[in-house]
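Residue numbers for the sequence shown follow the numbering used here, beginning at 565 and rising by one.
Backbone N, C-alpha and C define an ideal beta-carbon position, used for all residues, glycine too.
Every value quoted in this text rests on a predicted model; they were computed, and no experiment measured them.
This report refers to the structure that appears directly beneath it.
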Amino acid sequence: YEAVPPSYVKMHSQYFREAGYYTSNRAKEDYQFRKAVTAWDDSSQSAHWRNRAPDQPFFSIFNFVITHESQVWAQADNPLLIPDDLAVPVPPYLPDTEIAVNDIRRVYSNIVAMDRQVGEVLAELEADGLLDDTIIFWFSDHGGPLPRQKRLLYDSGMRLPMIIRFPDRWRAGELDDQLISFVDFLSTALSLAGIQPPDYVDGRAFAGQFVDGAARGYVHGAADRFDTEYDTIRAVRDNRFKYLRNFQPDRPYYLPLSYREQMPIMQELLRLRDSGQLTPEQAQWFRARKEVEELFDTARDPHELNNLAQDPRYRDKLLEMREELARWMTAIDDPGAMPEQELIEQMWPEMVQPTTAEPTISRQGNLISLASDTEGANLGYQILASDDEPGQTWQVYLEPLKLMAGQRLIVIAHRLGYQPSATVVVEAR
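Right, here's the structure in full:
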């Protein structure tokens, strides 16, 4: 099924398009709904800022999959790009065995490959004379790809690296320790482009024309279903402490995922578990039940292995973090307690995906106006010569259109989470 966001929500790239930017995405589209037809100028494996009109500003995303979890095993037969015997750090929750260390080395090797791919994009910017006029964000989409990292709300899964490169070497070499959340990226990117962020978003702009001077006191996290396995975990973190609330404590920490179990290091963990050879730190993840509350001092315990929730010395911090989590869950109207089937039926009545109403066309003189009876529908159009076939790119409708003799107008409406409408054809008069 496709999730159905509120009617006022638009994809972030569309805000850039409406401001005159060329937008491209190469090429991940895991939005939990089909991208709006008006979201991108190009979202494909060939998407690139070089396809824009001359001197048009651009917003471009490049996804580098070489460091994805799957590449730990997919690259296993390829030579390492680091020394075969490189000493690599092994976190205490992972085994320090040959099989495990080989996978950790593979992660570092994949990072080297990714670094080279990023370098190629930077070289293209430089070749185009754009490097010193472009703001570059580089970041991962979650923490590490290894077991007890991705999918979990410990720092190993939530905390991630980020580098921002500004023109003119502004703040070059600085380390910024403010708390930043992914929800801040939309507001910040728009703010840096001089575009007013919409007022419905949860994030704050931490740079640019519309910067929010109030620094974050907390960041938050949520984990629910992963493939066929269900859980409900929420987290809040300040600059030092992490609090987790496990709403299904009867579920174990470790949930079997066949995809992850293709990884040799995961197979090694399971072998050691079954043979009773795990260390106490490694065994924590395989406990049959979770603690209802977890509290960690990440300065003293960066791997979050020593739960302080029952320690009376941290009672005040526990109450503070518990209260902040409750405030946040109320503020976002957290649906985590709702069964997924019920949530789906709210969005898709009788389990039928809604369809966006066809655009309505009105003419006033030589101007053509478009509308849709579906609240929140995005309107896209193409103006073509009478014998041209429609292309893949839909322009965002913002104001009445004018057709010249021999042209025709193709129109479509699409609300996020809905089926797109049928297209409507308008001929010039």
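Terminal residues of the alpha helix (DSSP H) in which residue i lies
i, result
"D748", "748-756"
"E662", "662-691"
"L717", "Segment: none, L717 is in no alpha helix (DSSP H) and carries neither H nor E."
"I630", "It is not in any alpha helix (DSSP H) - I630 carries neither H nor E in the DSSP assignment."
"M911", "904-911"
Residue nearest to residue i in terms of C-alpha spacing, selected from the options
i, options, result
"E566", "A600, E845, W958", "A600"
"D741", "I759, I700, R712, V783", "V783"
"W702", "Y823, D898, Q681, G955", "Q681"
"K592", "D838, W912, S607, A583", "S607"
"G955", "I974, Y961, A941", "I974"
"G708", "D696, T698, P725, G721", "G721"
"P984", "Q596, L686, A992, A921", "A921"
"Y579", "D763, P647, F790, L833", "D763"
"T698", "K714, P653, L756", "L756"
"S624", "S571, K806, L695, T587", "T587"
"E904", "D679, V990, F626, T796", "T796"
"P820", "W613, P569, I976, D791", "D791"
"W892", "V800, Y657, G683, Q831", "V800"
"A986", "A949, E963, Q971, A941", "A941"
"V573", "Y982, A992, G683, F628", "Y982"
Residue span of the beta strand (DSSP E) that contains residue i, given as start and end
i, result
"A769", "No beta strand (DSSP E) holds A769; DSSP gives it neither H nor E."
"E858", "857-861"
"Y586", "586-590"
Cβ-based burial, residue i [other Cβ within 10 Å; buried from 16]
i, result
"I663", "exposed"
"D719", "buried"
"K966", "exposed"
"E868", "buried"
"W734", "exposed"
"R516", "One cannot answer for residue 516 here, as it falls past the ends of the chain, which runs 565 to 993."
"M827", "buried"
"P711", "buried"
"T894", "exposed"
"Q1001", "There is no way to answer for residue 1001, as the model of the chain reaches only from 565 to 993."
"Y585", "buried"
"Q635", "buried"
"V990", "buried"
"P844", "exposed"
"A863", "exposed"
"V665", "buried"
"Q848", "buried"
"A804", "Note that residue 804 corresponds to Arg in the displayed sequence, not to Ala. So R804 counts as exposed."
"M885", "buried"
"Y961", "buried"
Residue i - partner residues in DSSP beta bridges
i, result
"M726", "F703"
"L973", "I947, V990"
"E1001", "What is shown of the chain runs 565 to 993, which leaves residue 1001 out entirely."
"K806", "R801, F860"
"L931", "Q928, K966"
"S577", "In the DSSP output, where bridge partners are listed per residue, S577 has none listed."
"S624", "S588"
"S936", "P923"
"N942", "H978"
"Q959", "Y945"
Chain B within 8 Å of residue i, Cβ atoms only
i, result
"Y818", "Protein chain content of the structure displayed is limited to a single chain, and chain B is not contained in it."
Mind pulling the alpha helix (DSSP H) runs of 4 or more residues that sit fully within the stretch 593-619?
none
Taking the runs of the beta strand (DSSP E) that are 3 residues or longer, which of them lie wholly in the stretch 821-888?
857-861
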